[in-house]
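K.L.:
Here the protein sequences line up with chains X and G, keeping their order.
Per UniProt numbering, the very first residue in the first sequence carries number 1; after that it's consecutive.
Per UniProt numbering, the very first residue in the second sequence carries number 1; after that it's consecutive.
The C-beta atom is built at its ideal place from N, Cα and C for all residues, glycine as well.
Below is one structure. I have some questions about it.
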Amino acid sequence: MHAFGQILKIETRLYLRDLAAPLITIVLPLLLLTVFGMIPALRESNPDFGDRSFIQYFAPSLLVITLAMAAVNILPTVLATYRERGVLRRLATTPASPAALLAAQLVISLGTILISAVLLIVVGRLAFDVPLPRHPLGFALALVLGTAALLALGLLVAAVAPTNKSAQAIAVPLFMLVMFFGGVYLPRFMLPNFLVRIGDYTPPGVQALLDAWTTDAPRPLHLAIMAVIAVLAGSAAAKLFRWE
Amino acid sequence: MPVIEVTNLHKRYGETVAVDDVSFDVAAGEIFGVLGPNGAGKTTTVECVAGLRVPDGGEVSVLGLDPRRDATRLRQLVGVQLQESQLPDRLRVAEALEMYASFYRDPTDPARLIDELGLGEKRNTPYQKLSGGQKQRLSIALALVGNPKIAILDELTTGLDPQARRDTWGLIERVRERGVTILLVTHFMEEAERLCDRLAVIDKGRVVALDSPTGLVSAVAPEQRIRFRPSAPLDDRLLADLPQVSAVTRSGTQVVVTGTGDVLHAVTSVLARNQIIAADLRLEQATLDDAFVELTGHRPAE
Chain X
1 MHAFGQILKI ETRLYLRDLA APLITIVLPL LLLTVFGMIP ALRESNPDFG DRSFIQYFAP
61 SLLVITLAMA AVNILPTVLA TYRERGVLRR LATTPASPAA LLAAQLVISL GTILISAVLL
121 IVVGRLAFDV PLPRHPLGFA LALVLGTAAL LALGLLVAAV APTNKSAQAI AVPLFMLVMF
181 FGGVYLPRFM LPNFLVRIGD YTPPGVQALL DAWTTDAPRP LHLAIMAVIA VLAGSAAAKL
241 FRWE
Chain G
1 MPVIEVTNLH KRYGETVAVD DVSFDVAAGE IFGVLGPNGA GKTTTVECVA GLRVPDGGEV
61 SVLGLDPRRD ATRLRQLVGV QLQESQLPDR LRVAEALEMY ASFYRDPTDP ARLIDELGLG
121 EKRNTPYQKL SGGQKQRLSI ALALVGNPKI AILDELTTGL DPQARRDTWG LIERVRERGV
181 TILLVTHFME EAERLCDRLA VIDKGRVVAL DSPTGLVSAV APEQRIRFRP SAPLDDRLLA
241 DLPQVSAVTR SGTQVVVTGT GDVLHAVTSV LARNQIIAAD LRLEQATLDD AFVELTGHRP
301 AE
């Protein structure tokens, strides 16, 4: 336990030292929320967004930025780099297991996601009339399952990519798909309907987050799909993962 | 009392036999070298000793324990420095050592180890800013921070400049003085000659020789050659009749005497008795390089 605490402490420092990672993962979504929130028109409810304001409609997509960055961008590249450079192998020769390093990385991803979600919810509520999640349990479930699905995909990338370069070659397109279907690049009301439907089932499941945040319980099918993706990708990753 | 016993070790990767049949013992307090050309199976052998790989055949025993079954206990007792294993770029020297120290039940003081290894001024330097020699010293420090009984060091000085290499050798000798048994993998003859008490020369997955460096050399090439220019005419027979001398030849004004044992002493005594001074006297002996070529048929690296 002592060893895990040390690893977590050091890995957290390394994460924070790599300024770009926390900036894009936590600060950027908050900054976008603030910039859009300062525009009065975007705070008025609009039938285009199902009688929500644009800010309310777009907030879950801001959360997708955090999720996509943490789970399918940073996590797989860090792990692949550690494996490529022999960091994991070296740990395997000590009483600490490389699994402790993997666990520390997961804790950091989860911590980042949690911090960003809380910040978006609180700042959105206090400053920009975004309600607290209307269906807290549904929101928590959607966030947990969406996170699990994305982290599992991130681990799968880390499992199959032998090097930093190859991890990025898989992770970057995956990251862009997640961002696109999560409505980050183009707000989803601007997308054709079939792309929006695909987005409903693309991890982390932005529609379920939106439903639970601003209306009511997310649809069970949306959640179930995330759970299935998490289990399938997660077990494939566990099967394929190599320490060296 | 051996602390490492390897008996008929065999390891395959698919169809490729990496280690065919390797046996050796390492005594407590010894610096034992595993020497061989690239691809001979050196690294695989020590990886089996370190418990990183499962042998396909044979026995490995480390401090009386099985590297796979008793892995948890052995990891407390064996420090391993792997070939080409790096650290995260932004990790600082002191952080790396403190983190590794936290893995062990009875670690050495990281701050003292940092000073001992001459990294005191670099304690807050990130890994990526260290020179090759400093990275290597940090890597050795990580292998020692747990106060191991055995240190396994793979390709210790590959990629270091000659000065850094010599510094590292001095360091290893100091580590041995603390009572640590060292299993050293190398393909540098000079390193093996300088550091190792005994050597196993491995070629194509087999031990082809096992002896002290001088033992290896004299077993393979016992002959010594003496060259000099005599200050006065010299009758070759004076030397040729010596029991230690096997041949006397001339090369221009030079006399070349070949022989074994204390041939040098015998020759110089004869010369002194006859009041002949040997100018430009040179003694040529086979080196570990020669022994290595003889044993493996490979040119050693560098």
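#1: To the nearest whole angstrom, what separates the beta carbons of LEU101(X) and LEU91(X), a pair I think is in contact under 8 angstroms?
#2: Could you pull the start and end residues of the alpha helix (DSSP H) that ASP289(G) belongs to?
#3: Who are the near neighbours of SER246(G) in its chain, counting only those whose CB is closer than 6 angstroms to its CB and skipping five residues on each side?
#4: Quick check: the segment 116–130 of chain G against the segment 4–16 of chain G, are there 3 or more CB pairs under 8 angstroms?
#5: By the 10 Å Cβ neighbour count, where 16 or more other Cβ atoms means buried, how is TYR100(G) classified, buried or exposed?
#6: Can you check whether the CB of THR112(X) is closer than 7 angstroms to the CB of ALA70(X)?
#7: Candidates PRO47(X), VAL78(X) and VAL157(X): which alpha carbon is nearest ASP18(X)'s?
#8: Determine the contact status of LEU184(G) and LEU153(G), defining contact as a CB-CB distance below 7 angstroms.
#9: How would you call GLU44(X), buried or exposed, if buried means at least 16 neighbouring beta carbons within 10 angstroms?
#10: For ALA104(X), go through chain G and note every residue whose CB falls closer than 7 angstroms to its CB, in chain order.
#11: In terms of alpha-carbon separation, which member of GLN105(X), LEU28(X), ILE55(X) and PHE54(X) lies closest to VAL72(X)?
#12: What in chain X is Cβ-close to ARG90(G), meaning under 9 angstroms?
#13: Per DSSP, which one or two residues make a beta bridge with GLU5(G)?
#14: From VAL123(X) to GLY37(X), what does the alpha carbon distance come to, in whole angstroms?
#15: Just to confirm the assignment, what range does the alpha helix (DSSP H) spanning GLN105(X) have?
#16: Check TYR201(X) in the structure and name its three-state DSSP category.
#17: Measure the C-alpha to C-alpha separation of LEU142(G) and VAL35(X) and round it to an integer number of angstroms.
#18: Let me see if you follow: with CB-CB separation under 7 angstroms, is GLU302(G) close to chain X or not?
#19: Short of 7 angstroms Cβ to Cβ, which residues in the segment 48–72 of chain X face chain G?
#20: Closer than 7 angstroms by C-beta to SER61(G): which residues in its own chain qualify, once you throw out the five before and the five after it? Chain order, please.
#21: So for GLU302(G), helix, strand or coil by DSSP?
#22: By a C-beta neighbour count over all protein chains shown, 10 Å radius and 16 as the cutoff for buried, is LYS42(G) buried or exposed?
#23: Can THR287(G) be considered in contact with the ligand NAD, in the sense that its beta carbon sits closer than 6 angstroms to one or more heavy atoms?
#24: Is ILE108(X) close to chain G? Criterion is C-beta to C-beta, closer than 7 angstroms.
#25: Kindly list, in the order they appear in chain G, the residues whose Cβ is closer than 9 angstroms to that of ILE198(X).
#26: For chain X, is any of its Cβ atoms less than 7 angstroms away from the one on LEU63(G)?
#27: If you measure between the beta carbons of LEU271(G) and LEU283(G), is that distance less than 7 angstroms?
#28: Chain G partners of GLY86(X), CB-CB under 7 angstroms?
#29: With DSSP run on the structure shown, which of helix, strand or coil describes ALA221(G)?
#30: Cβ of ASP197(G) within 7 angstroms of Cβ of GLU59(G)?
#31: Taking DSSP's pairing of strands, which residues face SER45(X) in a bridge?
P.N.:
Here's the rundown:
#1: 6 angstroms
#2: From DSSP, the alpha helix (DSSP H) with ASP289(G) extends over 288–296.
#3: Same-chain partners within the cutoff: THR258 and GLY259.
#4: no
#5: buried
#6: yes
#7: Across the set PRO47(X), VAL78(X) and VAL157(X), the C-alpha of VAL78(X) shows the shortest separation from the C-alpha of ASP18(X).
#8: Contact: yes.
#9: exposed
#10: Those within 7 angstroms of ALA104(X) in chain G number zero; the least Cβ separation is about 11 angstroms.
#11: GLN105(X)
#12: Against chain X, the beta carbon of ARG90(G) has neighbours under 9 angstroms at ARG13, LEU14, ARG17 and ASP18, listed in chain order.
#13: ASP25(G) and SER61(G)
#14: 10 angstroms
#15: 98–128 is the span of the alpha helix (DSSP H), which, as asked, contains GLN105(X).
#16: coil
#17: 48 angstroms
#18: Note that GLU302(G) scores a pLDDT of 45, beneath 50, so its modelled location is shaky and nothing firm can be said.
#19: none
#20: Same-chain partners within the cutoff: GLU5.
#21: Here GLU302(G) scores only 45 on pLDDT, less than 50, and its place in the model is too uncertain to base an answer on.
#22: buried
#23: No copy of the ligand NAD occurs in the structure displayed, which carries no ligand at all.
#24: No, because no Cβ of chain G sits closer than 7 angstroms to the Cβ of ILE108(X).
#25: Chain G residues near ILE198(X): none, gap ~37 angstroms exceeds 9 angstroms.
#26: No, LEU63(G) lies away from the interface with chain X (no Cβ there is under 7 angstroms from its Cβ).
#27: With respect to LEU283(G), LEU271(G) sits apart: the two C-beta atoms are not nearer than 7 angstroms.
#28: LEU82, GLU84, SER85 and GLN86
#29: coil
#30: no
#31: SER53(X)
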